[in-house]
Structures are given as C-alpha cells and as structure tokens.
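Reading through the structure tokens given below for one structure.
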Amino acid sequence: MRRTLIAAGAVALVAGVSACSGGSPSSGTAGSKTLTLAPIVPPQPWDLKDAGLGNNAQYYQPVYDSLLRLDTKAEPVANVATSWKYAAGNTELTLKIRSGLKFTDGSALDAAAVKANLEHTRTGTNEAAGQLKAVESVTASGSDSVTLKLSAPDPSLLPNLGSVAGMLASPKAIDSGALKDAPVGSGPYKLDKAATTNGSVYTFVRNKDYWNSKAFPFDKVVLKPLNDPTAVLNALRSGQINGALLTTPKNIPVARGGGLDVTTYASGDIAGVYIWDRGGKLTPALGKVKVRQAINYALDRSSLVKSVYQGAGKATTQFFNSSGAAYDASLDAKYPHDPAKAKALLKEAGYPEGFTVKVLDLSGPFPEAQAAMVEQLAEVGIKVKLVTVPSDQTIKQLLAGKFSMSYFPLASFRPWDTTQIEVAKDATWNIFKYEDPKVTKLMDTAQHATGAKQERAFKELNTYLVDQAWNAPWAAVQAAYATTKTVEVVPQPFTPVPPLYNFSPAA
Amino acid sequence: MISFLTRRLLSGVVLVAVISALTFVLMSMTGTDTARNLAGATATAQQVAQKKTELGLDRPVAAQYTDWLGSALRGDLGRSWAGGDSVAASLSDKLPVTLSIVIGGLLLSAILSVLLGVGAAVRGGLLDRAVQLLAVIGFAVPSFLMALVLALFVGVRWRMLPATGYTAFSESPSLWLQSIILPSVSLAVGAIAATAQQIRSAMADVLRLDYVRTLRSRGLSSRSLLLRHALRNAAPSALTVLTLQFIGLVGGAVVVEKVFGLAGIGSLANTAASNGDTPLLMGVVVVMVALVVVVNLLLDVAQGWLNPKVRVA
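The listed protein sequences derive, respectively, from chains A and B.
Per this note's numbering, the first sequence runs over residues 1 to 507.
Per this note's numbering, the second sequence runs over residues 508 to 820.
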C-alpha cells in the first residue's frame, strides 16, 4: 500500500510540474504583443564604438534610434534626420535633425548629441566604427543641423547611417561610462534590467516617449541568444521563441514540416574559391589570368549548390551582392562547367600538367565545400595540398598571407563596401595587396559619381573583375529565417537578419 | 579535524593560484588573434593594432598576468573583452544555471543509484541482472544523445517541459524546476549507471561481513540492518564516486547546456575560450577550481561524519 502511495505521489508530482508548464513555457505570442527572438550571437558591449554589424545589430535596434532608417530595399529614408544634402563633391553631408527628441535619461537628442555620437563611435575598433572611417570631422550648427566632412566620397555612408554606425546613445551616458552596464538610447524600447539576465535573456519594454511607436507594433521584445541549431529549432517548434535564423540548411525542411514559416533570402555570403594570391607571389600560376579562369571553368556550380548547401543558394560567378548595383545577372553564365576548357586554358598558360597549391585546411567548419573544391580542381589537374592549423588561428593565418587560395565564404554588402573589404589595395581581404590600375580607376569613378553613372561604374568594375577571374565564387548563399505563425517578417538586403522594424504580428 | 581541513583549504588556495597562472600562460600561447576576433573580420590592420593596445595584448605576458592577479586579489575579475560585462556579474548569473542542473542530476543519481544499488545487492536475482544491464546501457548512452531525445520528445512533441531555456529560482520556483528537469535527467543517466554499480558491490561486500550476520541473528529488522548499519558502512565509497561524478557532471554540462540553450558556466567557458576572452576564461577557471576544492572539502567532512576513523586520521 505504502509503495503504491509513493508511486502515485511521484506520478502526481511529474504531472503537476508538467501541467504548470502549459505546453508553451515562455511568452512569445503576438496576442500578448511580445516578440521573442533568438540571435545566434552573444551580445557585444552596449557602447556603440565597440559595436559590430549584422547579427549583432539585433541587440542595438530596440534601444538605439538611428539617424536614418533603411526601407525594405535597404534604401535610406528619414528617421532622426529628416533630410540630408551632399555638397563639395560629395565630401560634405549636412543632416537636418528632428526636433524635440529625448534620450531615456532625459537629455536632449539634438545636433550636439549627434556630433558627440559620431565622433565617439568612429574612435572604436569594431565594424560600426569602420563604417565611419571616411568621416574627418563633424560640426553641429544650432540644435538641428549637423555637417559631416569626409576625407573622400563614401557611397555607402548614407545607408550606413541607417545602421549601427548611425545609432545614437545618450552623450551623458557615453561620458559617464554608464554604457558599460546598460544602454541609454532614444529608441522604441528600453532595457528592462529587472527582467534581463546578461547572456541569456534581454527584455525590452516600450519607451513611451518614442516619436514613432507605430513602426514597432510589439509592446515587449525579448532576445534570447541561442547558438546551437538544434536548440534554436526546438525553441521555435515548442513556441518558446517567435523567430530565429536557421544556420543549417538541413533544418529548413524540418522547420517547415514542424509548422513554422521559413523566409529565404540572399544572406550576402558569397562562397567559393577565393584566390588571394592573384599577383602570383606565392603561387606563380595564380598570377596568370588564364589559370584563374581555368579554376572558374573547373567548378560545377549547380551541383555544388545542391550538394554543399542543399539547394539553399544560387550559383554565381560574382562576389558582389545580387541586391546591389554592381551585380549583373548575365555574368553568372560567364563560366559554365567545362573541365576540357579549363585544361586547355591551363595548357595555354604553361601548365599542361596542372600545378600544386597549398591551401589552408578548412574541413572543420566547411567539410563538404572544401572536399568538393579539392575534387573538382583535381579533375583539371590542380592538386590541392591541405595544410592544417588550429581552428582558432584560421583567420590569422589567412590574413598573414600564408596561403594562395582557399574555399571561403565572405559577406558581401553594398558594392562600395565590398570594394573596401575585398578589392581596394589596402582592403583587409585583398590579402596580398594586389593592385590593378584599371580596377583602381573604376573604383575611383564609382566613388566620385552618383546615381546612374555610379551604377554603371560599379557594373563595369564587376564585369572586369569577373573577366579577370579575381576569384572563383560559386554560390550566393541563402539565409533562412524561421518564424512561428503568429509573426510575419520581411527580409532586407545586405543584412543577414531582418531588422526589428520589419517584424509584425501576423494578420 | 580542524587542522586537517585547514591544510586542505590551504592546498586548495595554492591549487587555484597554480591553475590560474597555467591557464593564463596557455591562453597566451594558443596563437588566437583575439584582437582580430573582437574587431571583426572586416577590421583594418590599424583597427586591429588599436584593439591590441586597448586590451594590453602588446605587453609582456608576465605583466598582463600580474595585473590580472592584482585586480583579482582585490576582488575585481575585470570585464569580458567580447561582451563588456563584468566577469563577476556574468559568473554570478551563470553559476546558478550550471549548479542547478548539476546538483539536480547529482541528487537524482544519488537517490536512484542508492535504490537500484541496494535493491540489486539485497534482492539479487532478476533485479540484480536488470540493474547491471541498465548500468551498461547508462554508460553507453552519452548525455548529449539523451538530451537530444528528451528535448525532442518531452519538450517539442509532447510539450510537457521546456525544450530550451532556464528560469531563475527567484523568478518562479515551479518554472525553475521545469527548466532543470530535462537537463538534469540527461546528465544523471551516466552517473546513475556508475554509482549504482559501486553501491551494489559495496553493499554486497558489507552484507557478507560477520557483524551483519551477528546483527541479523540478534533479530534486528531488515530495514534497520540495511539503513543504520550496512548502508552507513557502504556509503563512503559511494560518496567518493558521487563526488567524482559531480566534477564529471560539471564537464558534461557544457554539451547539455548547448542542447537545451542554457546560458551556464559551460557555454560561458566555451565562448570565452573560442574568442580568446582571457578575463572571462580566467574567471570561469578560478570559480570552477574553487568549486572542485570546496566539493572535495565537503566530501572530507562527510566522510569524517560517516566514519570516525577518518576524523582520527
């Protein structure tokens, strides 16, 4: 009898605890006007001078308003700045600041605050600071006008002011160091410290003084960082979160099968064979255009997209983002899979037997992609000798110029940003600092032009780079964002995750 | 006993100091480009150099360590290089998560392994064979696999308990309990297997001793014999195993925390190590070593309480 009672008690305890959970343990429904998202990266410091971009922006968007806003095509529209005007050959940008705005600590968001922010952010070392590197000085005139003097025209500056680089924190909090512990902004929400546990849950509640609350339909935003793909999927399927990026293509059909909506879009990542040593310093063969073109012809892009990314990508020969002005769809047909032509080009270049190239072994993070690269290059006679280094040293080794080429995915943003990251002589990912006078001239034209003329210059630059086979990209990788049925989301070009203002409750 | 504990405590302090110094040296030798990791893949060489100076990475390792040690001795563990949070605050946020699932797993394994181990030793026969079989299965099933299965079925399919996340006890005791059940069970399976086997053989040995036969012949009830005499004598070896299990479970928590999306010490250590976040990793190491020292100290006290001979020694 006693044993029966104990057993019954145990069953009742488990049932009771389970019943308390109610099947959906956390909030996160549109009905309660709470939006719960799971960023795949942990947060960075609240001080914007240490802020990164992309996935990191999710933590800043609720609390910090930005000078401009980006629409669904990622074009800049008015926000804190109501209008703007370029002068002096695009080296002076004057912004008119909306009046009557305040930070949540009560201090005024005026021209002086904007100046303080831009001057502060650009002293940093992270990606947001990097987007302001063309800004030489900032001048505030009166309370509502700010002028940025640039060292040279920056075609990406306006959209960047609609991102983290243009976000604004209270100057009082910047000066006092209060941002070390919590953000103080003027955005649609403020951090609820009582309902926040650093590293696991960040709760944001409405900033009642925000000037544009209608653009943010949720009363509360909760961010729960999760970096494990299985944990993300489980949290979505059990209704604990409303949205998250799916980082593994194989989870897309599982998510759809589990009743979730999955929105796919170009992530901006361009994957393929990056030929770092295009000057032929380390591997002389790669200095020859025909060899680089042979590498392009050796790749079967369609099969790579299917096998490596389970179809979550688009075959491409270009390393410019398909949403940008530089992209030309017709160029994707430039290098069809043609091993015979690849071999012929190698022969013409003086390598009838192919050649051997040392490649950094990235089979840890990219096993399928690297194996496919090795196999397809071997078919035309290019032998890849893999060199292994500890996984935490891969970027360091690549950037030290110790390897001539490798499989790699690199994020491609707006055309100008891409040139500054991968093409310009001093660009971080122009590892061997290769310079081609024609490329420099085309970049210069694009930098100083505007409108259609600028778009033409970027297209011409892209065409030239594809023709010269600077790299051998094979796929524009797709991102997949999963949401529960209670939430709708609109993706935005040039960013791996949709911004907060693109989320809304389902109709 | 007091001088024994004092000696153990002092050796624990030395252990913390030695391991912290070793960790610092090892971190400086990994070759991780911390400044590059923090500045981002698109940062220029100039920005990376600036970051290096900001973090003090351009100074000799000995100078960096003595600075860290000086601050740590004053109670300041610094701030995370990656997230900017205070290391002490991060640890106090994350330690309860890990301790909750580890202690939960340990309690579960202590209770079940005593029941199974004693049952197998006393009853023998079919129960004994079943316990031995379960122990083999428990050893064979890794905790991450158990975690995946529990999260998928109990969390996602049946929605009986949360599939991810942690609720603090102070926020809601019932939600806290719900949030730790699945991770604790995942951790406990292997520990139950090991401890039940240990208790089974210890009990079987004790039950064969002369004094047990004498007590039984004097008409002592089976329950009294088992609980007051036999189990007490079999307990020290079980306690030692459970202590070792505790340390093992803390290690196993790294994977289980990942599957259940728990922001505990395991995931903190993982992130800190991969980012080259020295202040954060040092904080984690110091706390974990201190925890192991404290647990071992508690074991000594418990052993002394259970067995007076230990106190004399």
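C-beta: ideal position from N, C-alpha, C; glycine also.
Keep in mind the model is a prediction, meaning the values are calculated, not measured.
#### Entry: Inter-residue Cα distance where the pair is Glu764/B and Gly773/B
The sequence position of residue 764/B within the second sequence is 257, counting from 1. The sequence position of residue 773/B within the second sequence is 266, counting from 1. Going by the C-alpha atoms only, they are around 7 Å apart.
### Message
Here's the rule: buried if 16 or more other CB atoms are within 10 angstroms of the residue's CB, otherwise exposed. What is Glu127/A?
### Response
Position 127 of the first sequence, counted from the start, is the residue given in the question as residue 127/A. So Glu127/A counts as buried.
### Close-in-space but distant-in-sequence residues of the same chain around Ser151/A (CB under 6 Å, 5 per side omitted)
What you label residue 151/A is simply residue 151 of the first sequence in a count that begins at 1. For Ser151/A, where only same-chain residues beyond five positions count, the Cβ hits under 6 Å are Ala134 and Glu136.
### Task
Determine the burial state of Arg715/B: buried for a count of at least 16 other Cβ atoms within 10 Å of its Cβ, exposed for fewer.
As a position in the second sequence, residue 715/B is number 208, starting the count at 1. Result: exposed.
### Task
Could you confirm whether any beta carbon from chain B is found closer than 7 Å to the beta carbon of Gly324/A?
By one-based count along the first sequence, residue 324/A stands at place 324. Chain B contact via Cβ: absent.
### Task
Quick one: list the residues of chain B neighbouring Thr121/A, beta-carbon separation under 8 Å, in chain order.
Position 121 of the first sequence, counted from the first residue, corresponds to residue 121/A. Ordered by position in chain B, no residue passes the 8 Å Cβ test against Thr121/A, which lies about 13 Å from the chain.
### Query
What residue does the beta strand (DSSP E) around Gly268/A start on, and which one ends it?
Taking the first residue of the first sequence as 1, we reach residue 268/A at position 268. Run containing Gly268/A: Asp261 to Ile275, per the beta strand (DSSP E) assignment.
### Task
List the DSSP bridge partners of Met167/A.
Counting from one through the first sequence, the residue named residue 167/A turns up at place 167. For Met167/A, which the question treats as bridged, DSSP gives the partners Ser66/A.
### Query
So what's Gly185/A in DSSP terms, helix, strand or just coil?
Numbered from 1 along the first sequence, position 185 holds the residue referred to as residue 185/A. Of the three classes helix, strand and coil, the one that applies to Gly185/A here is strand, per DSSP.
### Task
Would you decide whether Met653/B is buried or exposed? Buried here means 16 or more other CB atoms lie within 10 Å of its CB.
Position 146 of the second sequence holds residue 653/B. So Met653/B ends up on the buried side.
### Task
Could you list the residues in the stretch 544–565 of chain B with a C-beta less than 8 Å from some C-beta on chain A, going in chain order?
Asn544, Leu545, Ala546, Gly547, Ala548, Thr549, Ala550, Thr551, Ala552, Gln554, Val555, Gln557, Lys558 and Glu561
### Query
For the alpha helix (DSSP H) that contains Pro367/A, what are its first and last residues?
Start at 1 with the first residue of the first sequence, and residue 367/A comes out as number 367. Where Pro367/A is concerned, the enclosing alpha helix (DSSP H) stretches over Pro367 to Glu379.
### Query
What residue from Leu606/B, Ser620/B and Ile526/B has the CA that sits closest to Leu684/B's CA?
What you label residue 684/B is simply residue 177 of the second sequence in a count that begins at 1. Of Leu606/B, Ser620/B and Ile526/B, the residue nearest in Cα terms is Leu606/B.
#### Entry: Residue closest to Gly451/A, alpha-carbon to alpha-carbon, out of Tyr64/A, Gln61/A and Asn90/A
On the first sequence, position 451 is the one that residue 451/A refers to. Ranking the options by Cα distance to Gly451/A, first place goes to Asn90/A.
### Query
Taking the alpha helix (DSSP H) that Gln571/B falls in, what are its first and last residues?
Counted from its first residue, the second sequence places residue 571/B at position 64. Gln571/B -> alpha helix (DSSP H) spans Val568 to Leu580.
### Query
Which residue from Ala670/B, Thr778/B, Val594/B and Ala711/B puts its Cα closest to that of Gly631/B?
In the second sequence, the residue the question calls residue 631/B occupies position 124. Per the Cα distances, Ala711/B.
### As assigned by DSSP and simplified to three states, the class of Gln397/A
On the first sequence, position 397 is the one that residue 397/A refers to. Three-state result, Gln397/A: helix.
### Thr513/B burial status per 10 Å Cβ neighbour count (16 or more: buried)
Reading the second sequence from its first residue, position 6 is the one you call residue 513/B. It counts as exposed.
### Run of the beta strand (DSSP E) containing Glu136/A, from where it starts to where it stops
As a working mapping, residue 136/A is identified with position 136 in the first sequence. Looking at the DSSP string, the run of the beta strand (DSSP E) that includes Glu136/A is Val135 to Ser141.
### Query
For Gln478/A, which residues does DSSP report across the bridge?
Reading the first sequence from its first residue, position 478 is the one you call residue 478/A. DSSP lists Ala266/A as partners of Gln478/A.
#### Entry: Residues sharing a beta bridge with Gly632/B, DSSP
Looking up residue 632/B in the second sequence gives position 125. Beta-bridge pairing links Gly632/B to no other residue.
### Query
Counting contacts by CB-CB distance shorter than 7 Å, is Gly421/A in contact with chain B?
Here residue 421/A refers to the residue found at position 421 when the first sequence is read from its first residue. The sequence shown places Ile at residue 421/A, rather than the Gly named in the question. Closer than 7 Å: yes.
### Task
Would you mind reading off the limits of the beta strand (DSSP E) that contains Ile382/A?
Taking the first sequence and counting its residues from 1, the one referred to as residue 382/A is at position 382. Looking at the DSSP string, the run of the beta strand (DSSP E) that includes Ile382/A is Ile382 to Val387.
### Task
Confirm, please, whether the CB-CB distance from Val793/B to Asn777/B is below 7 Å.
Working through the second sequence from its first residue, we reach residue 777/B at position 270. Working through the second sequence from its first residue, we reach residue 793/B at position 286. It is not a contact, given that the beta carbons lie outside the stated cut-off.
### Own chain residues within Cβ distance below 6 Å of His337/A, not counting five before or after
Position 337 of the first sequence holds residue 337/A. The residues are Asp300.
### Message
So with CB distances below 7 Å, who are the chain B contacts of Gly52/A?
### Response
The sequence position of residue 52/A within the first sequence is 52, counting from 1. Result: Gly547.
### Message
To the nearest angstrom, how far is the alpha carbon of Ala552/B from that of Glu435/A?
### Response
In the second sequence, the residue the question calls residue 552/B occupies position 45. In the first sequence, the residue the question calls residue 435/A occupies position 435. Each residue's alpha carbon lies about 18 Å from the other.
### Neighbour flag for Val532/B against chain A, beta carbons, 7 Å
Working through the second sequence from its first residue, we reach residue 532/B at position 25. No, because no Cβ of chain A sits closer than 7 Å to the Cβ of Val532/B.
### Task
Could you have a look at Val497/A and say whether DSSP puts it in helix, strand or coil?
Within the first sequence, the letter at position 497 stands for residue 497/A. Of the three classes helix, strand and coil, the one that applies to Val497/A here is coil, per DSSP.
### Query
Does the Cβ of Ser731/B have 16 or more other Cβ atoms within 10 Å, making it buried, or fewer, making it exposed?
Counting from 1 along the second sequence, the entry for residue 731/B is found at position 224. Exposed, because fewer than 16 other Cβ atoms sit within 10 Å of the Cβ of Ser731/B.
#### Entry: Ala12/A (DSSP reduced to helix, strand or coil)
Start at 1 with the first residue of the first sequence, and residue 12/A comes out as number 12. Unreliable positioning characterises Ala12/A in this predicted model, as indicated by a pLDDT of 47, which lies under 50. The coordinate reading is nonetheless provided below. Looking at Ala12/A - three-state DSSP - the assignment turns out to be helix.
### Query
Would you say Gly364/A and Ser323/A are within 7 Å of each other, going by their C-beta atoms?
The sequence position of residue 364/A within the first sequence is 364, counting from 1. The sequence position of residue 323/A within the first sequence is 323, counting from 1. No; because the gap between Cβ atoms is not below 7 Å, this pair is not in contact.
### Query
Among His736/B, Val656/B, Phe660/B and Ala658/B, which has the Cα closest to the Cα of Tyr718/B?
Reading the second sequence from its first residue, position 211 is the one you call residue 718/B. The shortest Cα separation from Tyr718/B among His736/B, Val656/B, Phe660/B and Ala658/B belongs to His736/B.
### Message
Check for me: the alpha helix (DSSP H) holding Val205/A runs from which residue to which?
### Response
Taking the first sequence and counting its residues from 1, the one referred to as residue 205/A is at position 205. Unbroken run through Val205/A is the beta strand (DSSP E), Tyr202 to Arg206; no alpha helix (DSSP H).
### Secondary structure of Met795/B, DSSP reduced to three states
Walking along the second sequence from the start, residue 795/B turns up at place 288. Helix at Met795/B.
### Task
Can you give me the start and stop residues for the beta strand (DSSP E) that Ile97/A sits inside?
Against the first sequence, residue 97/A aligns to sequence position 97. Here the beta strand (DSSP E) through Ile97/A covers Glu92 to Ile97.
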